[in-house]
Amino acid sequence: MAEKPGPIKRKKEDYLDEAKTVDRLEFRLGALGATLPMLFFILWAVITSSLGVSSEQGLVTGAVLGLGIGLFLSKSPWKHYAQGIFDGMTQSVGVVAIIAWFWAGMFASVLQAGGLVEGLVWLGAATGVQGALFTTSAFILAAVFASAVGTGYGTTVAFCTLMYPAGVIMGGDPVVLFAAILSGAAFGDNLAPVSDTTIVSAVTQETDVPGVVRSRFKYAIAAAIPSLILFTILGGAGTSGVNSVEAVRMINENANPQGLILLIPFALVIYLALSGHHLITSLTWGIISASFFIPVLGLGSIRDILWFNVPEGKIQGAILDGVTGYINMAVLILLIVAAGYLIRLGGTMDVLREYLARKIKGITKRAELSIWGIVAFLNTFITINTAAEIAAAPFVNAIGKDYKIHPYRRANFLDAQTSALGYIFPWSGGVLLGVSTISRLAEKYDFINAINPAQAVPYVFHGWFLVIVMFLAAVTGIGLRYEGPNGEELREKPE
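Here it is as structure tokens:
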């Protein structure tokens with residue numbers, strides 16, 4: 114009697130092994146092939162945005178398709194390509210951003226449920242802070258908040274949830290107001306001592322955070338001043354916002370000073386962050402204190418915060434909304450980080466480094482312009498700013514050391530553009546996050562319309578000015594300092 118065939122035995126290496134990592138991938142078209150998954154996503158984002166059909170689910174689909182196309186470009190075994198995707202998705206930069214979104218989302222949703230938006234509307238009407246002045250105030254407050262809590266993404270979530278609807282009612286231009294919030298987030302991301310981009314820029318350039326922050330203040334202010342002026346000039350709605358009659362009606366319907374009590378939890382978060390507490394700790398205490406004030410002071414009920422709605426078989430409340438509102442974005446960021454990781458595995462960075470070395474030819478100005486260019490280039494393709502910064506850091510460090518450029522200067526070139534460009538491009542993480550938040554607000558408020566991410570690009574003034582300031586610094590040599598034998602700053606290049 115013939116034996117029954119047993120199960121097919123496969124070699125262990127035929128399976129993906131999460132304990133293993135892939136250090137290198139070979140692509141058809143070489144280094145260019147490694148960039149095509151990300152390029153496809155960027156092209157997808159631009160086309161869907163221009164056609165007015167962009168959505169979170171659509172962007173996730175574009176990222177997945179891009180990674181799928183990369184599979185056919187891989188000359189390495191497909192299992193290695195797949196493992197490279199998994200390795201990329203587990204990079205800490207994506208996880209940190211997701212956790213920050215969830216906590217900031219819960220905090221902002223709880224404050225919104227308690228009526229802080231209505232309180233801000235009342236305050237704006239009572240003080241006369243309306244139109245362009247409100248937009249300018251949003252930029253300043255977002256910059257302060259981001260500088261305190263250290264997360265530009267979290268600031269984008271909180272201010273789009275709270276300040277944006279109030280600003281639209283108070284006569285701010287919807288697109289410029291959104292750009293002002295993005296600009297404030299970029300300011301804080303660049304300057305905050307506890308920002309992940311600040312820390313990465315200092316650590317990768319082998320220097321201290323306090324010194325880096327002190328040295329970059331002048332660049333941040335140089336970009337902020339003209340931004341303030343332009344927001345003051347262009348921040349009013351004109352004909353693009355609600356008309357005066359409609360504005361009066363909405364103010365009467367939505368203004369309520371009671372919600373201003375929730376500025377206490379808001380201030381508590383800033384105080385704790387400035388006192389050195391972790392972002393999650395600060396936001397947790399903000400959520401707890403707001404959840405206490407809302408039912409006790411009659412601003413809402415416990416059900417508004419979290420409710421097990423057994424009769425309808427679902428969970429409801431601001432806490433749930435704050436988390437679930439960013440699930441799609443959480444998936445998207447992991448896919449984007451994975452696509453960025455494939456660029457590194459494919460050797461694109463090595464090709465870029467060799468090209469720059471041939472162009473610099475021993476001239477310090479060219480070295481700084483090369484640093485400026487490579488940081489801008491990588492932030493164009495790797496749309497999560499911390500991930501782009503980590504990718505650019507080795508280039509900046511190597512070139513800077515070769516020309517004895519001081520670590521503070523290197524860190525400033527690295528961080529300024531990373532913080533700026535992460536809130537400018539329509540496919541960048543900060544912009545998509547804000548657009549996603551505003552899209553959900555449009556479902557709640559009839560006076561808010563969804564925003565096309567490309568609309569805000571020209572108006573993210575602080576981001577653009579920060580990029581320009583750093584370019585001028587490289588061209589003119591203003592602020593250039595060299596590294597002395599003991600790490601001191603020198604005006605003249607040491608021999």
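Read in order, the letters of the sequence shown are residues 114 to 608 in the numbering used here. Even for Gly, the Cβ is constructed at its ideal location relative to N, Cα and C.
Exposed unless 16 or more other CB atoms sit within 10 angstroms - verdict on Tyr572: Taking the sequence shown and counting its residues from 1, one reaches residue 572 at position 459. Flag for Tyr572 reads buried.
Buried versus exposed, by CB contacts within 10 Å (16 or more), Leu184: Along the sequence shown, read from residue 1 onward, the residue named residue 184 stands at position 71. Classification of Leu184: exposed, given that the 10 Å Cβ count is below 16.
Residue range of the alpha helix (DSSP H) that includes Gln170: Taking the first residue of the sequence shown as position 1, residue 170 is located at position 57. Taken as a continuous stretch (DSSP letters only), the alpha helix (DSSP H) holding Gln170 covers 169-186.
Top-ranked residue by Cα proximity to Tyr277, from Ala315, Gly265, Ala293: Start at 1 with the first residue of the sequence shown, and residue 277 comes out as number 164. The candidate whose alpha carbon is nearest that of Tyr277 is Ala293.
Sequence-distant residues of its chain with Cβ nearer than 7 Å to Thr311 (five each side left out): Position 198 of the sequence shown holds residue 311. Same-chain partners within the cutoff: Ala305, Val322, Val325, Val326, Asp528.
Within 7 Å, strictly: CB atoms of Phe526 and Ile484: Position 413 of the sequence shown, counting from 1, holds the residue named residue 526. Position 371 of the sequence shown, counting from 1, holds the residue named residue 484. It is a contact, given that the beta carbons lie within the stated cut-off.
CA-to-CA distance, Ile374 to Glu481, given in whole angstroms: As a first step, residue 481 is located in the sequence shown; it is residue number 368 there, counting from the start. As a first step, residue 374 is located in the sequence shown; it is residue number 261 there, counting from the start. Distance between the alpha carbons of Glu481 and Ile374 is about 49 Å.
Gln568 - DSSP class collapsed to helix/strand/coil: Numbered from 1 along the sequence shown, position 455 holds the residue referred to as residue 568. Gln568: helix per DSSP, three-state reduction.
Boundaries (first-last residue) of the beta strand (DSSP E) holding Lys427: Position 314 of the sequence shown, counted from the start, is the residue given in the question as residue 427. Counting along the chain, the beta strand (DSSP E) containing Lys427 begins and ends at 427-429.
Alpha-carbon to alpha-carbon, Leu229 and Phe379: As a first step, residue 379 is located in the sequence shown; it is residue number 266 there, counting from the start. As a first step, residue 229 is located in the sequence shown; it is residue number 116 there, counting from the start. One C-alpha to the other measures close to 10 Å.
Between the CA atoms of Ile518 and Gly600 - distance to the nearest angstrom: Start at 1 with the first residue of the sequence shown, and residue 600 comes out as number 487. Start at 1 with the first residue of the sequence shown, and residue 518 comes out as number 405. Taking the straight line from one Cα to the other gives about 10 Å.
Under 7 Å between C-beta atoms of Ile610 and Ala261: Shown here, the chain extends from 114 to 608; a query on residue 610 therefore has no answer.
Sequence-distant residues of its chain with Cβ nearer than 6 Å to Phe344 (five each side left out): Within the sequence shown, the letter at position 231 stands for residue 344. Thr248, Thr249, Phe252, Ala293.
Residue interval of the alpha helix (DSSP H) (run including Phe683): This structure leaves residue 683 out entirely; the chain is present only between 114 and 608.
Residue burial classification, Thr268 (beta-carbon count within 10 angstroms, cutoff 16): What you label residue 268 is simply residue 155 of the sequence shown in a count that begins at 1. Classification for Thr268: buried.
Per DSSP, the bridge partner or partners of Phe140: Taking the sequence shown and counting its residues from 1, the one referred to as residue 140 is at position 27. DSSP output for Phe140 lists Ser187 as bridge partner(s).
Of the residues Thr240, Leu275, Thr397, Glu319, the one placed nearest Glu231, counting alpha carbons only: Along the sequence shown, read from residue 1 onward, the residue named residue 231 stands at position 118. Out of Thr240, Leu275, Thr397, Glu319, Leu275 has the C-alpha closest to the C-alpha of Glu231.
Three CB pairs or more closer than 8 Å across the segment 171-184 and the segment 416-434: no
Given 8 Å, three or more beta-carbon pairs between the segment 432-448 and the segment 202-222: yes
For Ile518, the residue or residues it bridges with in DSSP: Residue numbering aside, residue 518 sits at position 405 when the sequence shown is read from its first letter. Answer is Tyr595, bridged to Ile518.
Contact belief for Ala563 with Ala555 at Cβ below 8 Å, rounded distance in angstroms: For the purposes of this step, residue 563 is taken as the residue at position 450 of the sequence shown. For the purposes of this step, residue 555 is taken as the residue at position 442 of the sequence shown. Contact holds; Cβ gap of about 5 Å.
As assigned by DSSP and simplified to three states, the class of Asn369: Taking the sequence shown and counting its residues from 1, one reaches residue 369 at position 256. It is coil, neither helix nor strand.
DSSP-derived helix/strand/coil call for Asn422: As a first step, residue 422 must be located in the sequence shown, where it is residue number 309. The answer is strand: DSSP assigns Asn422 an E or B state.
Nearest residue (CA-CA) to Phe154, options Gly592, His390, Thr496, Met583: Taking the sequence shown and counting its residues from 1, one reaches residue 154 at position 41. Residue Thr496 is the option with its Cα nearest to Phe154.
Contacts around Ile473, its chain only, beta-carbon distance under 6 Å, and the 5 residues preceding and following it disregarded: Along the sequence shown, read from residue 1 onward, the residue named residue 473 stands at position 360. Only Arg479, Ala480, Ser483 meet the Cβ criterion.
contact_flag[the segment 408-416, the segment 141-148] where n(CB pairs < 8 Å) is 3 or more: no
Coil, strand or helix - Glu319 by DSSP: Position 206 of the sequence shown, counted from the start, is the residue given in the question as residue 319. It is coil, neither helix nor strand.
Burial state of Gln196, where buried means 16 or more other Cβ atoms lie within 10 Å: Reading the sequence shown from its first residue, position 83 is the one you call residue 196. Buried, by the Cβ-count rule.
Residue burial classification, Gly263 (beta-carbon count within 10 angstroms, cutoff 16): Mapped onto the sequence shown, residue 263 falls at position 150. Counting Cβ neighbours within 10 Å, Gly263 comes out buried, since at least 16 surround it.
Reduced DSSP category for Gly590 - H, G, I as helix; E, B as strand; rest coil: The residue given as residue 590 occupies position 477 in the sequence shown. Coil at Gly590, not helix or strand.
Integer Cβ distance of Gly535 from Gly543, believed to fall under 8 Å: For this step, residue 535 is matched to residue 422 along the sequence shown. For this step, residue 543 is matched to residue 430 along the sequence shown. Indeed they touch by this definition, with Cβ atoms about 5 Å apart.
Unbroken stretches of the beta strand (DSSP E), 3 residues or longer, contained in the segment 219-250: none
Presumed contact (8 Å Cβ cut-off) between Gly218 and Gly438, rounded CB distance: As a first step, residue 218 must be located in the sequence shown, where it is residue number 105. As a first step, residue 438 must be located in the sequence shown, where it is residue number 325. With a Cβ gap of about 6 Å, Gly218 and Gly438 count as contacting.
Opposing strand residues paired with Leu603 [DSSP bridges]: On the sequence shown, residue 603 is found 490 positions in, with the first residue counted as 1. Paired residues: Tyr595.
Sub-7 Å separation of Ala632 and Gly349 beta-carbons: Coverage of the chain is limited to positions 114 through 608, which leaves residue 632 absent and any answer about it impossible.
Identity of the residue in Leu224, Ser189, Val488 nearest Ala533 by Cα: Within the sequence shown, the letter at position 420 stands for residue 533. Looking at the Cα atoms, Val488 is the closest of the given residues.
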